[in-house]
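Please read the structure below before turning to the comments.
2 protein chains.
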Amino acid sequence: MIQADRISAILAALDERGSCSISELALRFDVSEETIRRDVRQLEANGSVIKVHGGVTLPAPRLEAPYRKRLREQLEAKRSIARHAAGLVQDGMTVFIDSGTTSFWVAQELGHRKGLTLVTNSVEVAADLLGRSDHRVFLAGGMLNADYRAAFDADAVRMVRGFLPDIAIFSMGAIDAHHGFLDFDPDEAAFKRALLDRARRIVVVADHAKFSRVGTVHVADFGQIHDLVTDLPPPPPLIDAARGGGTAIHLSEPALQGG
Amino acid sequence: MIQADRISAILAALDERGSCSISELALRFDVSEETIRRDVRQLEANGSVIKVHGGVTLPAPRLEAPYRKRLREQLEAKRSIARHAAGLVQDGMTVFIDSGTTSFWVAQELGHRKGLTLVTNSVEVAADLLGRSDHRVFLAGGMLNADYRAAFDADAVRMVRGFLPDIAIFSMGAIDAHHGFLDFDPDEAAFKRALLDRARRIVVVADHAKFSRVGTVHVADFGQIHDLVTDLPPPPPLIDAARGGGTAIHLSEPALQGG
DNA sequence: CCAGCAAAGCCACAAAATGTCACAGACCTG
DNA sequence: CAGGTCTGTGACATTTTGTGGCTTTGCTGG
Numbered sequence: 010m011i012q013a014d015r016i017s018a019i020l021a022a023l024d025e026r027g028s029c030s031i032s033e034l035a036l037r038f039d040v041s042e043e044t045i046r047r048d049v050r051q052l053e054a055n056g057s058v059i060k061v062h063g064g065v066t067l068p069a070p071r072l073e074a075p076y077r078k079r080l081r082e083q084l085e086a087k088r089s090i091a092r093h094a095a096g097l098v099q100d101g102m103t104v105f106i107d108s109g110t111t112s113f114w115v116a117q118e119l120g121h122r123k124g125l126t127l128v129t130n131s132v133e134v135a136a137d138l139l140g141r142s143d144h145r146v147f148l149a150g151g152m153l154n155a156d157y158r159a160a161f162d163a164d165a166v167r168m169v170r171g172f173l174p175d176i177a178i179f180s181m182g183a184i185d186a187h188h189g190f191l192d193f194d195p196d197e198a199a200f201k202r203a204l205l206d207r208a209r210r211i212v213v214v215a216d217h218a219k220f221s222r223v224g225t226v227h228v229a230d231f232g233q234i235h236d237l238v239t240d241l242p243p244p245p246p247l248i249d250a251a252r253g254g255g256t257a258i259h260l261s262e263p264a265l266q267g268g
Numbered sequence: 010m011i012q013a014d015r016i017s018a019i020l021a022a023l024d025e026r027g028s029c030s031i032s033e034l035a036l037r038f039d040v041s042e043e044t045i046r047r048d049v050r051q052l053e054a055n056g057s058v059i060k061v062h063g064g065v066t067l068p069a070p071r072l073e074a075p076y077r078k079r080l081r082e083q084l085e086a087k088r089s090i091a092r093h094a095a096g097l098v099q100d101g102m103t104v105f106i107d108s109g110t111t112s113f114w115v116a117q118e119l120g121h122r123k124g125l126t127l128v129t130n131s132v133e134v135a136a137d138l139l140g141r142s143d144h145r146v147f148l149a150g151g152m153l154n155a156d157y158r159a160a161f162d163a164d165a166v167r168m169v170r171g172f173l174p175d176i177a178i179f180s181m182g183a184i185d186a187h188h189g190f191l192d193f194d195p196d197e198a199a200f201k202r203a204l205l206d207r208a209r210r211i212v213v214v215a216d217h218a219k220f221s222r223v224g225t226v227h228v229a230d231f232g233q234i235h236d237l238v239t240d241l242p243p244p245p246p247l248i249d250a251a252r253g254g255g256t257a258i259h260l261s262e263p264a265l266q267g268g
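So the sequences go chain by chain: A and B. Under our numbering, the first sequence is numbered contiguously, ending at residue 268. Under our numbering, the second sequence is numbered contiguously, ending at residue 268.
And the structure:
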């Protein structure tokens, strides 16, 4: 591994974890601690990180608390789901990505694809996609919800309904064998429903924690969702319901450690 | 294998992996490291890759370069202008903020105000405003320009024309005594013109560097702009032109050091 | 509060790795 | 064969890395 890779790997580790110790990084990259310190000094000089005694942290958090917190929950599950879902996308497609945190990681995984047309209502997804590669990025605007960092209002619906995506990537707040796909926020649910008859294939990305949550707003039934990508097998009643409705269930590979 | 094949193979390897070491490539293609270095020098000369010590990477792996770079240029001037411009905004107002880097700093300064309705076409401004205070934030969406990190197309125009802001904050690419307010990008200019008859007060924020630039697209004449906030006195002809058109010139306080 | 201690940081030096340059031979082409 | 390009080699320059000595930091027990 060359120095440049190590330095971006340090930044990547910080992006995931928020902070790291020097000794841990030295061990991980199999170099001396002094080398890590030298890397960190460089990163600090250009303002990318902040040194603290014994380690290194990110400067002022780039995202606001609630969203950032959700982004870190079940991180490895979400990233492995995202990798799998990104595999369903082919170069040149038009892809809608919603404002869920799992969807954000899908957007990250799409960085290496070519010539996509990406549509989103999420400020974070749009900001992340801009500046990577040559994708065209369309942002459905409107009044922004600070908690979700996205627009769900009539303006956003109108703009997004102008597209006929090959694939729509949806997060869901909860999934239930009896009621199907649920959310907590009525506006968010209404926004998603507005896309159900537009996308040619609708993929829901959801970690296993969503199977035991109780949602409050109905978004879709199993018959309306083509694929569900998750990290662990759902409870049997949910599997039966999915089969009955025609929803394919994909289990993502667990993350490879130390690859 | 001839040189041309090897060079495209290097690019292919980079597309897959993002970066490679020189020694690895030499081994893979069974040529000397010096040969690989020569290939890489060629690729670097035409901008396809970036050389790093020990290897080679794709350009712009974590690129936000153009926007970030502009954000740092003339930083203190921009922030002092932004402080002054933010002083023109009162609690409860509806404020439009455009996608210029000086405007971004105005948005930052508005964090402490109460109950504003903020409208912007800039992803960065929206992301920054969200999560501070209780402002309502409206983002005019559409196809995003990666360089400006904002939308300027018909969708964005339509949405933003739905508002009648008390104040619109505009950056400008150049200001000229003869031609008035200019920009470099036709789309950006058209977007701003669409707001000229909507905002009750139009404030242009521009550091002194804009007085010596040559713009390429006309945005507005002095008669259409109510206020110009800048950091140093403009050249006399420009002052005369501003007075003739009714544009008030505000000089911002120099930045306080160590505050 | 402070002395003492261990961990962490910094610096300087030398070794190792990598980069650059110039030169000469190999190879192709007309 | 002349002229050009491409390649490998070795000398030399530059950058990076590990190590040891020393200083600083943060913690803890008195």
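Built from N, CA and C at the ideal position, the CB exists for glycine as well.
How close, in whole Å, do the beta carbons of residue i and residue j come, if the pair is a contact with beta carbons under 8 angstroms?
| i | j | result |
| --- | --- | --- |
| B/Phe105 | B/Ala208 | 6 angstroms |
| B/His227 | B/Ala198 | 7 angstroms |
| B/Glu225 | B/Phe200 | One detail in the question is off: residue 225 of chain B reads as Thr in this sequence, not Glu. Incorrect: roughly 15 angstroms between the Cβ atoms, too far for contact. |
| B/Ser57 | B/Glu42 | Incorrect: roughly 19 angstroms between the Cβ atoms, too far for contact. |
| B/Ile172 | B/Thr103 | A small fix is needed here, since residue 172 of chain B is Phe in this sequence, not Ile. Confirmed, about 6 angstroms. |
| B/Arg170 | B/Ala203 | 6 angstroms |
| B/Gln233 | B/Leu205 | 5 angstroms |
| A/Ser28 | A/Gly64 | 6 angstroms |
| B/Ile59 | B/Glu53 | 7 angstroms |
| A/Ala116 | A/Val128 | Rounded, the Cβ-Cβ distance is 11 angstroms, inconsistent with contact. |
Give the single residue among the options whose Cα lies nearest to the Cα of residue i.
| i | options | result |
| --- | --- | --- |
| B/Gly189 | B/Gln99, B/Ala94, B/Asp39 and B/Pro246 | B/Pro246 |
| A/Ile184 | A/Gly101, A/Ile248 and A/Ala91 | A/Ile248 |
| A/Asp215 | A/His227, A/Phe38 and A/Leu237 | Note that residue 215 of chain A is Ala in the sequence shown here, rather than Asp. A/Ala215 has its Cα closest to that of A/Leu237, out of A/His227, A/Phe38 and A/Leu237. |
| A/Phe231 | A/Gly224, A/Gly253, A/Thr225 and A/Asp156 | A/Gly253 |
| B/Pro174 | B/Val212, B/Ala198 and B/Asp137 | B/Val212 |
| A/Ile19 | A/Asp107, A/Leu67, A/Asp196 and A/His121 | A/Leu67 |
| B/Arg156 | A/Leu138, A/Asn154 and A/Ile258 | What sits at residue 156 of chain B in the sequence shown is Asp, not Arg. Checked all of A/Leu138, A/Asn154 and A/Ile258; the closest Cα to B/Asp156 is A/Leu138. |
| B/Leu191 | B/Leu205, B/Val223 and B/His217 | B/Val223 |
| B/Asp143 | B/Gln12, B/Gly120, B/Arg167 and B/Glu53 | B/Gly120 |
| B/Ala111 | B/Ala251, B/His217, B/Gly124 and B/Thr126 | Correcting the residue type first, residue 111 of chain B is Thr in the shown sequence and not Ala. The shortest C-alpha separation from B/Thr111 is found at B/His217. |
| B/Ala163 | A/Arg141, A/Pro75, A/Gly150 and A/Arg37 | A/Gly150 |
| A/Pro244 | A/Ala229, A/Lys219 and A/Pro263 | A/Lys219 |
| B/Asp196 | B/Asn130, B/Thr126 and B/Val115 | B/Asn130 |
| B/Arg124 | B/Val132, B/Gly109 and B/Gln99 | The amino acid at residue 124 of chain B is misidentified as Arg; the sequence shows Gly. If we check each option's Cα against that of B/Gly124, B/Gln99 comes out closest. |
| B/Val166 | B/Met181, B/Phe147 and B/Gly182 | B/Phe147 |
| B/Ile11 | B/Val40, B/Thr126, B/Ile258 and B/Leu97 | B/Val40 |
| A/Thr239 | A/Gly255, A/Glu262 and A/Ala136 | A/Glu262 |
| A/His93 | A/Met181, A/Gly109, A/Glu118 and A/Asp48 | A/Glu118 |
Which residues does DSSP list as the beta-bridge partners of residue i?
| i | result |
| --- | --- |
| A/Thr282 | With chain A represented from 10 up to 268, any question about residue 282 of chain A goes unanswered, as that position is not in the structure. |
| A/Leu127 | A/Val104 and A/Val146 |
| B/Val357 | Since the first residue of chain B shown is 10 and the last is 268, residue 357 of chain B is not available in this structure. |
| A/Asn154 | A/Ala159 |
| A/Ile184 | A/Phe190 |
| A/Leu260 | A/Thr239 |
| B/Ala177 | B/Phe105 and B/Ile211 |
Report yes or no: is there a C-beta of chain A within less than 8 angstroms of the C-beta of residue i?
| i | result |
| --- | --- |
| B/Ala135 | yes |
| B/Ile16 | no |
| B/Met168 | yes |
| B/Ile19 | no |
| B/Gly64 | yes |
| B/Val61 | yes |
| B/Ser28 | yes |
| B/Pro70 | Here the model assigns B/Pro70 a pLDDT of 45, short of 50, so the residue's position is not dependable, and the following value carries that caveat. Judged by the 8 angstroms Cβ criterion, B/Pro70 is in contact with chain A. |
Can you check whether the C-beta of residue i is within less than 8 angstroms of a C-beta belonging to chain B?
| i | result |
| --- | --- |
| A/Asp39 | no |
| A/Glu25 | no |
| A/Asp240 | no |
| A/Ala160 | yes |
| A/Asp164 | yes |
| A/Gln12 | yes |
| A/Val132 | yes |
Give me the subset of the segment 135-156 of chain A whose CB atoms are less than 8 angstroms from a CB atom of chain B, sorted by chain position. Ala135, Ala136, Leu139, Gly140, Arg141, Arg145, Val146, Phe147, Leu148, Ala149, Gly150, Gly151, Met152, Leu153 and Ala155
Along the segment 100-117 of chain B, where does the CB come closer than 7 angstroms to a CB of chain A? Name the residues. none
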